[in-house]
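Undergrad: Residue numbers (our numbering), protein chains in the order written: chain A, -9 to 279; chain B, -9 to 279; chain C, 13 to 379; chain D, 13 to 379.
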Amino acid sequence: MSVLLNGGERILIQGITGRQGSFHARRMLEYGSRVVAGVSPGRGGAAVEGVPVFDTVREAVREKGADTSCLFVPAAGAADAAHEALENGIRLLVLVTEHVPVHDAVEVVARAKELRVRVIGPNTFGIISPGKGKIGIMPHEYYTPGPVGLVARSGTLSYQVAAELTAAGLGQSTAVGVGGDPVVGCSLREVLTHFKDDDETRAVVLIGEIGGTAEEEAAELIAGLGKPVVAYLVGRTAPVGVRMGHAGAIIERGKGTYAGKAAALREAGALLAETPWQVAPLVLKSLRG
Amino acid sequence: MSVLLNGGERILIQGITGRQGSFHARRMLEYGSRVVAGVSPGRGGAAVEGVPVFDTVREAVREKGADTSCLFVPAAGAADAAHEALENGIRLLVLVTEHVPVHDAVEVVARAKELRVRVIGPNTFGIISPGKGKIGIMPHEYYTPGPVGLVARSGTLSYQVAAELTAAGLGQSTAVGVGGDPVVGCSLREVLTHFKDDDETRAVVLIGEIGGTAEEEAAELIAGLGKPVVAYLVGRTAPVGVRMGHAGAIIERGKGTYAGKAAALREAGALLAETPWQVAPLVLKSLRG
Amino acid sequence: MKLYEYQAKEIFARTGIPVPRGRVVLSPEEAAQAAGELGGEVVIKAQVLAGGRGKAGGVRFAAGPEETAAVARTILDLEIKGLPVNALLVEERLPSERELYLSISVDRQAGRPVILAAAEGGMEIETFPEDKIRRRFVETRRGVHPWEGRELAAALGLRGSLLPEFGKFMATLALVFERNDAELAEINPLVQVGSHLVAADARLNIDDAALFRHPDLTKGQELGTQGGPSFVRLGGDIAVLANGAGMAMATLDVLESLGGKASCFIDLGGGTGEEEMSKAIGILGGFSQAMLVNIFGGITRCDEVARAVIRGRQAAPQLPLVVRLDGTNQEEGLRLLREAGVAAVSTMEEAARQVVAQTGGKGEKEV
Amino acid sequence: MKLYEYQAKEIFARTGIPVPRGRVVLSPEEAAQAAGELGGEVVIKAQVLAGGRGKAGGVRFAAGPEETAAVARTILDLEIKGLPVNALLVEERLPSERELYLSISVDRQAGRPVILAAAEGGMEIETFPEDKIRRRFVETRRGVHPWEGRELAAALGLRGSLLPEFGKFMATLALVFERNDAELAEINPLVQVGSHLVAADARLNIDDAALFRHPDLTKGQELGTQGGPSFVRLGGDIAVLANGAGMAMATLDVLESLGGKASCFIDLGGGTGEEEMSKAIGILGGFSQAMLVNIFGGITRCDEVARAVIRGRQAAPQLPLVVRLDGTNQEEGLRLLREAGVAAVSTMEEAARQVVAQTGGKGEKEV
């Protein structure tokens, strides 16, 4: 078993004729993911990397049975494309697009809840179950199958940690990016519940950052998880009230400080890494321990 | 049994301190309806006709257990007040207000459906089960208990017909105004289904008018009703494309003509009256027949 | 309230819907000037609130200021369905490659807005075969997204860049519909010019009941908007004052079956004040041979109607008047009328027969 | 993007939220003129994008043009949290009877907007005791209705005509929030003047990612908005170029624990073009002793970063540079750097240690 993915997904790429869409369609196909269709309004009838392109999600679902979408549509049209997926029967939506307006994200996430569609992102690198499949943009060469479940808000930092784990001989059961934006469809906490039930996952790495209270809420589950958790938090040195990069990590109104998150995680029983290269040793220790 | 009302309603008057609200609160109390509270924002703590006034529906429901609202709030604030009722647990909402913008009515009706609240109106005279209770503005002196179920789009015309029925010795089980506006919460058709199941109702009078297709849709139920139906339609001489008064009766795009409605009703087995004073004789005939 | 084409197009353009370049003019001279500014061929369109304008000669083409002035003069002299032509819209003539139809209106039965689209345009939607029309209901709280337009466009057989173009267009029209409390927003034809879509015509009807929140749209409105009495002009000789649209229509039907015909009627909305009522009665008297007041008071109170009738009648004291009052505060109303020397009859039937008799109708036909 | 108080108030007023009479001025002379026009007592407020303005002397009262000019001069000479005061807002001083707090912001955990209200105002909401704050989540698709505001007002203990007033006020603030893609719309204090409510202060922060649909709000924006790289100034001496906010923060944390400190950093958003990247690198070089490029390419491609580094470096060729590239197209990136004479290190840890050593940091502290 793996988390969120089962390998049977029939994947649609929304925005497949774009630069990122076509590049990552090829990369997903290389990795063995079943990309069955693309959508690019006005480009219906074309093909990208051998994948047929449709004008609408409706056609892609009808003609190719797509049930999962990986969305690369630029920010201005991302919410529109996401709603198209939601209303046309897509069950898992991986919203890779960065810079989606937060009001748009609120609407997409709210509607997805009503329709019970799982949304990962926006601003996510996606999901990878090494050796089984991937939906997203992570450089899959750095991942390898194994016992560590990885969940992160940040993309590149999680690649760094995955690479460190792999280099230390620690493969990953599934790595999930919940997305770096303020409002996302799936929380750190929710991914932990999946790891809890996953036989293949024997330890969990949680990569968090300042801002919001997602880490504190996830921490509440750690004691009952039955698996060791290694947490790595960034933003310890970030000034208060300054937005740290695009992702919107920001300490506001006294919420979301490094100290508060670190304390919550530590008290819940997580081991805390202070650098990316401390993560793998702590995981090894916790698995032995 | 009676239709829509059971006499146990705990009635709230929204807009009770206004001219219409206070006048009709008194009239409802006179008729024996259980008016338990009024709402008039900013007037909380006052009393009208001995009925306590609250600032919010929330308080009226909490303090007095109101479950039904009769709404007199002027058009500009009617939708807001209606939503307040819907979100605070009111189960039956009689929207008397005229001139509610149709976009507002669409939202109120849609939300009521989600919450499974019954909405009568807007632009309705309400519901009366003679001798048992009334919620609305009809001049109740013209009604008397009896076997005729009456449903109408128009208010005054239905008073006229009720008076004719009463004068002919034909009392009414329940009289319902669905409201004269283009979009209403409860259709003629829906009221017919209630009359079908009502033991006290032995014949039904349906008062319709040109515009829309509510009468045609109601006609579909007449054959299976098991009770005679007398229909009276107005607007036979109305010019095409002209809005006939406030209520918005209008023949548009070839839909809603007198001829089409009359044919549908006649074919379904209804007896057609051509004047208000023909209704009672036809009912008598159908009950004998 | 119906807006003129040029008003509708102003609103469309402001919201982001492409419309032809052009402007509204009041004289042949202005028309010529507009044609000069626009250059090339122009289309000159009568600004009247009536359908069938094209068939009546109200839409014509011209090239250059001179021809435009001549055509403008001709159209300004027209009367279209009884309406004078006071203004013209002079626009660039578009090199249309395809004509479509697109509208949003409120569907009474469904209780929500519905979008109608067709891959043909230019003629009245009523004449379209049903199988050529695509329908899509609007979930109002969700709004209309461009993807819904793309699906509709695909169903109409549009391909390529027209698909996203139609999607944006439809979403924007839905915004116009929503923001302006429209009953109808219609583009017919919607034309394709190269890879773009342009609203060649525009209709926008605003819900009278919602005008209070669109102060910019209302100017010089008096009767026929919300709150006041609703006034409808007909063709006969009996002025009718009734309360409620149903009662009003019943009265007209009954008059007709007795051989009479109404000249006009006023539907007194529930709660109309005495002042407004008496003003309305004064107006009605102006073009009628007799007047019928037919009131069954519910929320309307008979005493107020009686006072209004007595006051309003002063504008036409010689006009034969038949009054029937029933319902709320009936006794007081009848007493007031008696004191003012106005006889009231007791039933609607009797009232209708009397007024028809007074205007020479035969009043004999049995109903 | 944070708006200045006067900009926020313009938007508030346009949407129907009452604000004090007043105007923005740039000099003591203009301030005096404004005070003369307003008459009576005025309040003069520094227009800076920083909290704690009042404590820093940036909000003061005056009466009459002369005193106003003097006060304005004083405030214009201030520096508030390192920011110069370039503009003042001169407003009528309101006879406030009560101060309230009202805001709408996006709640990350709930995934939707939340309204906060309190029956006290004027101080920072962070300092309010939790039990004085009333919260209400917004169902965005339904919008915020006045009745919700009335319920909140009742919960705050407001009575009488203030109840419907607060209801309308809150619904209008929600409109401002929604229509402007706000992250935060805050009124603190919201003051009662007679039976009315007025926004005495105003904060409006717009979502950078949504600025593309608010062209009216953006002028002279270059860095820091969506699409381009995100630039943050810090206090140290090492310029940091990283991709992804998480990686950037990790880099800063690691530098600090090794005894170094970043002068500024740029988060290259995924898919930033080479041109933009090299421009960003040029800017960074300007106020730093050394530069650290730390990239793990996912959607970012190492070869593009390498080209940008080589180009951008031309602006400061003497600046010590440490590069670490990993991930997508890594080989090509490393080859390009080698050819340009730039040595790349292979791990993040090594890169951090090298750059700290080059700026005199001890680089010894174990982590």
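Note that beta-carbon positions come from the ideal geometry of N, C-alpha and C, so glycine has one too.
1) Among C:LEU209, C:LEU61, C:ASP265, C:TRP159, whose alpha-carbon lies nearest the alpha-carbon of ASP70 (chain A)?
2) Have a look at GLU111 (chain C) and THR46 (chain B) and give me their C-alpha separation to the nearest angstrom.
3) Mark GLU351 (chain D) as exposed unless 16 or more other C-beta atoms lie within 10 angstroms of its C-beta, in which case mark it buried.
4) Per DSSP, what kind of secondary structure is GLY375 (chain D) in: helix, strand or coil?
5) Are SER119 (chain B) and VAL84 (chain B) close, meaning C-beta to C-beta below 8 Å?
6) Identify which residue in A:ALA158, A:ALA142, A:ARG192 has its Cα closest to the Cα of VAL181 (chain A).
7) Going by the beta-carbon positions, is the gap between GLY70 (chain D) and VAL97 (chain D) smaller than 8 Å?
8) Three or more C-beta pairs under 8 Å: does that hold for the region 218 to 226 of chain B against the region 251 to 262 of chain B?
9) Jot down the residue ranges of each uninterrupted alpha helix (DSSP H) in the region 259 to 312 of chain D, minimum 4 residues, whole runs only, in chain order.
10) Kindly give me the distance between the Cβ atoms of VAL38 (chain B) and ALA15 (chain B), rounded to whole angstroms, as I take these residues to be in contact under 8 Å.
11) Out of B:SER148, B:THR7, B:THR265, B:MET18, state which residue places its alpha-carbon closest to the alpha-carbon of ILE1 (chain B).
12) If the criterion is Cβ atoms closer than 8 Å, does the pair LEU114 (chain C) and LEU175 (chain C) meet it?
13) Let me see if you follow: with CB-CB separation under 8 Å, is GLY239 (chain C) close to chain B or not?
14) So, is GLY240 (chain D) buried or exposed, given that buried needs 16 or more other C-beta atoms within 10 angstroms?
15) Within a Cβ cutoff of 6 Å, which residues of the same chain sit near LYS10 (chain B), ignoring the five residues on either side of it in sequence?
16) With a cut-off of 8 Å on the beta carbons, I'd call GLY256 (chain D) and THR146 (chain A) a contact; round off their distance for me.
17) Residues in the same chain with beta-carbon distance under 6 Å from PRO31 (chain B), minus the five sequence neighbours each way, listed in chain order, please.
18) At least one CB of chain C closer than 8 Å to the CB of HIS184 (chain A): is that the case?
19) Of the choices A:THR227, A:ARG179, A:LEU160, A:GLY201, whose alpha-carbon is the least far from that of ALA213 (chain A)?
20) Would you please state the rounded distance, in angstroms, between the beta carbons of LEU209 (chain C) and PHE189 (chain C)? I believe it to be under 8 Å.
21) Under the assumption that LEU211 (chain A) contacts THR183 (chain A) (Cβ atoms under 8 Å), give the Cβ distance between them as a whole number of angstroms.
22) From HIS73 (chain A) to ALA221 (chain D), what distance separates their C-alpha atoms?
23) If the cut-off is 8 Å on Cβ atoms, which residues from the region 204 to 224 of chain B count as contacting chain D, listed in chain order?
24) At a Cβ threshold of 8 Å, is LEU235 (chain D) touching chain A?
25) Can you pull the chain B residues whose beta carbon is under 7 Å from the beta carbon of ILE311 (chain C), in chain order?
26) I'd like the span of the alpha helix (DSSP H) that includes ILE322 (chain C), first residue to last.
27) With DSSP collapsed to three states, give me the class of ILE23 (chain D).
28) What residues in its chain sit with their C-beta under 8 Å from that of THR191 (chain B), if we drop five residues either side in the sequence?
29) Secondary structure at LEU116 (chain B), three-state DSSP: helix, strand or coil?
30) Can you find the residues in the same chain that come closer than 8 Å, C-beta to C-beta, to ASP119 (chain D), ignoring five residues on each side of it along the sequence?
31) For ARG17 (chain B), which of helix, strand or coil comes out of DSSP?
32) Please list, in chain order, the chain F residues whose beta carbon lies closer than 8 Å to that of ASP219 (chain D).
33) Out of A:TYR248, A:GLY175, A:ALA193, A:VAL230, which has the shortest C-alpha to C-alpha gap to GLU205 (chain A)?
34) Could you tell me whether the Cβ atoms of THR227 (chain A) and GLU361 (chain D) are closer together than 8 Å?
35) Between the alpha carbons of ALA75 (chain A) and GLU20 (chain A), how many angstroms are there, rounded?
36) Going along the chain, which unbroken runs of the beta strand (DSSP E) with 3 or more residues stay wholly within the region 68 to 145 of chain D?
TA: Reading it off the structure:
1) C:TRP159
2) 53 Å
3) Counting C-beta atoms within 10 angstroms of its own C-beta, GLU351 (chain D) has fewer than 16 neighbours from the protein chains shown and is therefore classed as exposed.
4) Caution applies to GLY375 (chain D), whose pLDDT of 43 falls short of 50 and renders its modelled position unreliable; the value that the coordinates give is listed next. Coil.
5) no
6) A:ALA142
7) yes
8) yes
9) 286 to 297
10) 6 Å
11) B:MET18
12) no
13) Residue confidence for GLY239 (chain C) is low, a pLDDT of 42 falling below 50, so the modelled location carries little weight and cannot support an answer.
14) Low confidence applies to GLY240 (chain D): its pLDDT is 48, below 50, so where it sits in the model is not reliable, and the reading given next is rough at best. That one is buried.
15) A small correction: the amino acid at residue 10 (chain B) is Gln; Lys does not occupy that position in the sequence shown. PHE62, listed in sequence order.
16) 4 Å
17) Within the same chain, PRO31 (chain B) has close Cβ partners ASP45.
18) no
19) A:ARG179
20) Wrong, their Cβ atoms sit about 17 Å apart, outside the cutoff.
21) 7 Å
22) So the alpha carbons of these two residues sit roughly 18 Å apart.
23) none
24) Confidence is the limiting factor: at LEU235 (chain D) the pLDDT is only 33, short of 50, which leaves the residue's position unreliable and the question unanswerable from this model.
25) GLN10, ILE127
26) 314 to 324
27) helix
28) VAL(-7), PRO137, VAL138, GLY139, SER163, THR164, PHE185, LYS217
29) Strictly speaking, residue 116 (chain B) in this sequence is Gly, with Leu absent from that position. For GLY116 (chain B), the secondary structure class from DSSP, reduced to helix, strand or coil, is strand.
30) PRO125, VAL126, PHE149
31) helix
32) The displayed structure is made up of protein chains A, B, C and D, and chain F is not among them.
33) Taking GLU205 (chain A) as reference, the option from A:TYR248, A:GLY175, A:ALA193, A:VAL230 with the minimal CA-CA separation is A:TYR248.
34) Against a cut-off of 8 Å, the Cβ pair of GLU361 (chain D) and THR227 (chain A) comes out as no contact.
35) 24 Å
36) 71 to 75, 100 to 104, 110 to 119, 124 to 130
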